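Chemist:
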Amino acid sequence: MSITLPQYLLNAVQKQEIDNDLAVLISSVAQLSKVINDKVTHGALAGVLGFAGTDNVQGEHQKKLDVLSNEIFVHGVEWTGAVAGMASEEMDDCLPTPKQFRRGEYLITFDPLDGSSNIDINAPIGTIFSITKAPQGEITNESFLIPGKEQVAAGYVMYSPQTIMTFSFGKGVVMFTLNMNTGDYILTKENFTIAPSTEEFAINMSNMRHWAKPVKQYVLDLLAGKDGPLGKNYNMRWVAAMVAEVHRVLCRGGIFMYPWDNRKPEQPGKLRLMYEANPMAFLIEQAGGAASTGKIRILDVVPEKLHQRVPVFLGAKEEVERVVRYHQELS
Ligand code: F6P
245 MSITLPQYLL NAVQKQEIDN DLAVLISSVA QLSKVINDKV THGALAGVLG
295 FAGTDNVQGE HQKKLDVLSN EIFVHGVEWT GAVAGMASEE MDDCLPTPKQ
345 FRRGEYLITF DPLDGSSNID INAPIGTIFS ITKAPQGEIT NESFLIPGKE
395 QVAAGYVMYS PQTIMTFSFG KGVVMFTLNM NTGDYILTKE NFTIAPSTEE
445 FAINMSNMRH WAKPVKQYVL DLLAGKDGPL GKNYNMRWVA AMVAEVHRVL
495 CRGGIFMYPW DNRKPEQPGK LRLMYEANPM AFLIEQAGGA ASTGKIRILD
545 VVPEKLHQRV PVFLGAKEEV ERVVRYHQEL S
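Note that our numbering has the sequence shown beginning at 245, numbered continuously upward.
(1) Specify which residues have a beta carbon nearer than 5 Å to any heavy atom of the ligand F6P, listing them in chain order.
(2) Note the first and the last residue of the continuous beta strand (DSSP E) segment covering Ala296.
(3) The beta strand (DSSP E) spanning Val327 covers which residue range?
(4) Where does Arg492 fall in DSSP's three states?
(5) Within the same chain, show all residues whose beta-carbon is closer than 8 Å to that of Tyr400, passing over the 5 residues directly before and after it, in chain order.
(6) I'd like to check one pair, Thr353 with Met330: are the Cβ atoms closer than 9 Å?
(7) Is the separation between the beta-carbon of Ile262 and that of Ala398 shorter than 9 Å?
(8) Quick check on Ile387: buried or exposed, where buried means 16 or more other Cβ atoms within 10 Å of its Cβ?
(9) Could you tell me the distance, in whole angstroms, from the CA atom of Leu558 to the CA atom of Ser536?
(10) Within the same chain, show all residues whose beta-carbon is closer than 8 Å to that of Val321, passing over the 5 residues directly before and after it, in chain order.
(11) Any contact of the region 423-437 with the region 465-473, i.e. 3+ C-beta pairs under 8 Å?
(12) Go through the region 323-373 residue by residue and report every complete run of the beta strand (DSSP E) that reaches 3 residues or more, in order.
(13) Which whole runs of the alpha helix (DSSP H) in the region 406-484 are 4 residues long or more, in chain order?
(14) Helix or strand or just coil, what does DSSP make of Ile375?
(15) Please determine, among Pro379, Ala288, His319, the residue with the shortest C-alpha to C-alpha distance to Lys307.
(16) Is the beta carbon of Leu517 closer than 9 Å to that of Val554?
(17) Here's the rule I'm using: 16 or more other beta-carbon atoms within 10 Å means buried, otherwise exposed. How should Leu422 be labelled?
(18) State yes or no: is the C-beta of Tyr502 nearer than 8 Å to some heavy atom of the ligand NAD?
(19) Could you tell me whether any Cβ in chain D is nearer than 9 Å to the Cβ of Ala439?
As structure tokens, this is what we get:
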């Protein structure tokens, strides 16, 4: 018999794996993702493609769907009574729960629409979220600076041929598929396990000349295949949406990398710690994989600012450990 998301969450509450508020919060993310999904799937028919004419705090041009998805997310969560505040890729500062709503015990950070460059070409995009316990007192940007290892839940929704919601509250990773006819998310996979070794990697190769020595050497060794020092042939994939790359790694293994590069040497990497690297690292570790900055475990990074960036290497454990060794030996 198929298990719906509400049934699954109720079961988890009854088993005391999560409390009621966390169940409500995950359920509200599922609900709002259906609204985003509706906009995404209608695209030009809903008039939502193209640029919004604004920039976000990182100086990136916002797409209409980025802005819209952010509003859908905020309004889908603020009334739940489960959150004390929210922070988003698309908002300069955090948003404490407005006074007219009950303040809850959680903080949620999110990237409402990851992989924006894929929006207008009808390629995979997604929503990423990370949930932690809220500290006492007034909610400010500093309240969110909690290391990823303290996340109580994290996940993503992927809008692609199928709409998939994948999450973990620390008891393994589960995946639900949206039945577009009934509007139900149905449990379609659990017990994700990422194989420790792999023959597939993902990195934006066009940046190779900008990488630091350890990453350049590692990727050259991957490319050398059977005749090189790693002794096997590797396949490469690049979807340009982290949600889709992580989804692939969870489903069939591999390593995904977005390293530092010297196009913007002052930036530690491209991906954001709080709403990209941390939630994805949480899922990957829950599935038996590893996630590192090349130097330390991503979940151990102590955040210094809300929109902080980090280098990311995640996926198959042996391969992530290998790239960490390259950093130790060649830095
Ligand atoms: O958030 C940034 C993002 O869109 C990720 O989802 C994706 O992995 C990456 O950027 C793609 O970057 P690039 O356009 O440099 O390949």
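Where is the CB? At the ideal position from N, CA and C, for every residue including glycine.
Being a predicted model, the structure only gives us computed values, none of them experimental.
Modeler: Reading it off the structure:
(1) Asp358, Gly359, Asn448, Ala484, Ala485, Met486
(2) 295-299
(3) 327-332
(4) helix
(5) Asp358, Gly370, Thr371, Ile372, Phe373, Met409, Thr410, Phe411, Val487, Val490, His491, Pro523, Met524, Leu527
(6) yes
(7) no
(8) According to the sequence shown, residue 387 is Ser rather than Ile. Buried, since its Cβ has 16 or more Cβ neighbours within 10 Å.
(9) 6 Å
(10) Leu269, Ser272, Val273, Leu276, Val327, Met330, Ile352
(11) no
(12) 327-332, 350-358
(13) 457-468
(14) strand
(15) Ala288
(16) yes
(17) buried
(18) Among the ligands modelled here, namely the ligand F6P, the ligand NAD does not occur.
(19) Of the protein chains in the structure, only one exists, and it is not chain D.
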